[in-house]
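Engineer: In my numbering, the protein residues as written are 34 to 420.
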Amino acid sequence: MNISREITFAIQKVVGKKRASLHEPRFNGNELKYVQECIDSTFVSSVGIFVNKFEKELENYTGSNHAIAVVNGTTALHLSLLIAGVKSGDEVLVQALTFVATANAVRYCGAEPHFVDCEENTLGMDPEALRRYLKVATEQRSGVCVNRYTGCSIRAMIPVHIFGHPCDLEGLSAVAKDYNIAMIEDASESLGSIYNGKHTGTFGLLGTLSFNGNKTITTGGGGAILTDNLELAKRAKHLSTTAKIRHQWEYSHDEVGFNYRMPNINAALGCAQLEQLTEFLKSKRQLYERYQDAFRDIPKVQLFNEPERSKSNYWLQTLILDESASESRDAILQASNDAGLMTRPVWKLMHKLPPYSNCQRSSLLVAESLESRIINLPSSVGLVNSV
Ligand SMILES: *Cc1c(COP(=O)(O)O)cnc(C)c1O
34 MNISREITFA
44 IQKVVGKKRA
54 SLHEPRFNGN
64 ELKYVQECID
74 STFVSSVGIF
84 VNKFEKELEN
94 YTGSNHAIAV
104 VNGTTALHLS
114 LLIAGVKSGD
124 EVLVQALTFV
134 ATANAVRYCG
144 AEPHFVDCEE
154 NTLGMDPEAL
164 RRYLKVATEQ
174 RSGVCVNRYT
184 GCSIRAMIPV
194 HIFGHPCDLE
204 GLSAVAKDYN
214 IAMIEDASES
224 LGSIYNGKHT
234 GTFGLLGTLS
244 FNGNKTITTG
254 GGGAILTDNL
264 ELAKRAKHLS
274 TTAKIRHQWE
284 YSHDEVGFNY
294 RMPNINAALG
304 CAQLEQLTEF
314 LKSKRQLYER
324 YQDAFRDIPK
334 VQLFNEPERS
344 KSNYWLQTLI
354 LDESASESRD
364 AILQASNDAG
374 LMTRPVWKLM
384 HKLPPYSNCQ
394 RSSLLVAESL
404 ESRIINLPSS
414 VGLVNSV
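#1: Which runs of the alpha helix (DSSP H) at least 4 residues long sit entirely within the segment 181-214? Give them in chain order.
#2: I need the DSSP call for residue 77, collapsed to helix, strand or coil.
#3: What are the residues that DSSP puts in a beta bridge with residue 178?
#4: Quick check: the Cα distance between residue 116 and residue 310, rounded to an integer number of angstroms?
#5: I'd like to know if the segment 283-291 and the segment 164-177 are in contact, where contact means that at least 3 CB-CB pairs between them fall below 8 Å.
#6: Going by CA-CA distance only, name the one from 111, 157, 409, 250 that's closest to residue 354.
#7: Specify whether the segment 341-348 and the segment 226-239 touch according to this definition: at least 3 beta carbon pairs, one from each stretch, less than 8 Å apart.
#8: Quick check on DSSP: helix, strand or coil for residue 317?
#9: With a threshold of 8 Å on Cβ separation, who are the neighbours of residue 406 within its own chain once the five nearest residues in sequence on each side are excluded?
#10: Roughly how many angstroms separate the alpha carbons of residue 235 and residue 376, rounded to a whole number?
#11: Suppose only complete runs of 4+ residues qualify. What are the alpha helix (DSSP H) ranges in the segment 69-131, listed by chain order?
#12: For residue 315 and residue 338, I'd like the C-alpha separation in whole angstroms.
#13: Could you pull out every residue in the same chain whose Cβ sits closer than 7 Å to the Cβ of residue 96, ignoring the five residues on either side in sequence?
#14: Going by beta carbon distance, what residues of the same chain come within less than 8 Å of residue 45, once the five residues before and after it are set aside?
#15: Counting C-beta neighbours from all protein chains within 10 Å, is the total for residue 326 16 or more, i.e. buried, or is it exposed?
#16: Measure the C-alpha to C-alpha separation of residue 145 and residue 36 and round it to an integer number of angstroms.
#17: Determine which residues share a DSSP beta bridge with residue 242 and list them.
#18: When the distance is taken between beta carbons, is residue 257 closer than 7 Å to residue 397?
#19: Terminal residues of the continuous alpha helix (DSSP H) containing residue 366?
#20: Determine the DSSP secondary structure at residue 293, reduced to helix, strand or coil.
#21: If we count the other Cβ atoms within 10 Å of its Cβ and call it buried at 16 or more, is residue 443 buried or exposed?
#22: Select from 198, 330, 67, 124 the residue whose C-alpha is nearest the C-alpha of residue 189.
#23: Any heavy atom of ligand 1 closer than 6 Å to the Cβ of residue 179?
#24: Are there 16 or more other CB atoms within 10 angstroms of the CB of residue 210, so buried, or fewer, so exposed?
#25: Out of 334, 274, 181, 386, state which residue places its alpha-carbon closest to the alpha-carbon of residue 80.
#26: Please report the distance separating the alpha-carbon of residue 420 from that of residue 58.
#27: Under the criterion of a Cβ to heavy atom distance below 6 Å, does residue 222 qualify as lining ligand 1?
#28: Per DSSP, which residues does residue 151 bridge with? Please list them.
#29: Secondary structure at residue 311, three-state DSSP: helix, strand or coil?
#30: Is residue 243 near ligand 1, with its Cβ less than 6 Å from a heavy atom?
#31: Can you determine whether any heavy atom of ligand 1 sits closer than 6 Å to the C-beta of residue 355, and answer yes or no?
#32: Using C-beta distances below 6 Å, list every residue in its chain close to residue 152, excluding the 5 sequence neighbours before and after it, in chain order.
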């Protein structure tokens with residue numbers, strides 16, 4: 034049997050039904066009740082009890098001192114970069130292997146993404162390669178990391194916990210500290226993932242979450258900023274609410290702010306979804322175990338498993354093809370999609386996209402290789418619970 038049929042059968046064996054999408058949300062809790070309460074109260078917009086409740090619950094769940102709910106994960110990244118001090122003309126280190134939102138947020142600040150490589154065993158930013166690169170490509174000028182070739186300040190770095198799997202946060206934190214670069218974790222995909230006993234998104238100066246419809250929990254659209262720093266938290270809240278100064282009746286704004294606050298009606302959904310998160314994570318791990326059984330004896334493919342010292346949320350199940358099987362990637366995608374099983378390749382690397390083709394970059398050999406070998410599998414929570 035050829036590899037594309039073998040993989041398609043293995044997926045079928047696990048999902049146990051004719052068709053399966055990549056990632057569907059599941060609304061099995063208090064969603065309708067809370068949304069109804071929200072409508073009854075008339076507070077459906079950017080003020081209301083559910084926004085504050087959702088933020089409190091995110092703080093409790095992640096262990097972060099502060100959570101600020103915003104309209105989506107992209108705006109969470111944009112605000113985090115601004116708050117970390119990224120200005121027009123700066124550079125920000127971004128992994129080439131990520132969703133485009135990470136790079137876009139940098140451009141929204143007038144800054145330039147500077148692409149770096151990933152590690153095979155985490156899929157995230159590679160601290161050792163980064164350290165070697167920074168040593169050659171940068172110098173410290175009055176406590177600021179400056180790119181020797183462009184003369185621009187490298188103000189921040191954004192490691193991404195790809196498909197929910199934690200990066201080497203210890204290694205990356207050390208590089209950030211040694212080179213005076215602010216670390217912002219893009220934890221959009223990794224709510225519920227733990228590194229060294231602590232939640233992802235709580236290691237950097239700031240961390241960002243997404244609650245888009247395809248993420249582990251959803252608010253329709255939504256995101257959040259996590260930080261332990263009170264001043265930064267206040268600034269995030271202020272900037273996300275049009276920089277309005279609190280006053281009983283007056284409209285006064287002390288800088289150019291943003292209308293980025295999460296609406297109450299979305300937060301109502303979020304509160305209901307958070308109540309089910311532990312259950313969702315259990316299902317995702319079970320699904321991973323089933324895929325592991327199904328793929329164990331198929332040569333030339335590995336099911337990606339959580340890195341060392343990590344507990345992953347297993348947001349998107351991932352196959353990694355051996356180098357020798359990479360030319361079969363498209364045939365595998367074709368056969369599985371033809372069978373009604375939604376599989377997907379990873380995102381095209383950032384430096385291959387027209388808006389980012391001229392950006393600075395380090396060697397991207399690992400990212401290039403991974404790009405040709407990754408296949409995401411149907412990963413919905415319902416795939417475990419409904420069979
Ligand atoms: C989903 C996602 C985002 C952006 O989130 P939105 O809520 O869709 O704006 C950013 N980065 C990564 C890696 C993501 O997966």
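C-beta atoms are modelled at their ideal positions from N, C-alpha and C, and glycine is treated no differently.
Structural biologist: So, from the listed chains and residues:
#1: 202-211
#2: coil
#3: 173
#4: 29 Å
#5: no
#6: 409
#7: yes
#8: helix
#9: 353, 354, 355, 356, 358, 359, 362
#10: 31 Å
#11: 82-95, 106-116
#12: 15 Å
#13: 231, 232, 235
#14: 372, 374
#15: exposed
#16: 41 Å
#17: 257
#18: no
#19: 362-371
#20: coil
#21: Because the chain spans 34 through 420 in this model, residue 443 falls outside it and cannot be assessed.
#22: 124
#23: no
#24: exposed
#25: 274
#26: No answer about residue 420 holds up, because its pLDDT of 42 lies below 50 and its placement is not dependable.
#27: yes
#28: 158
#29: helix
#30: yes
#31: no
#32: 159
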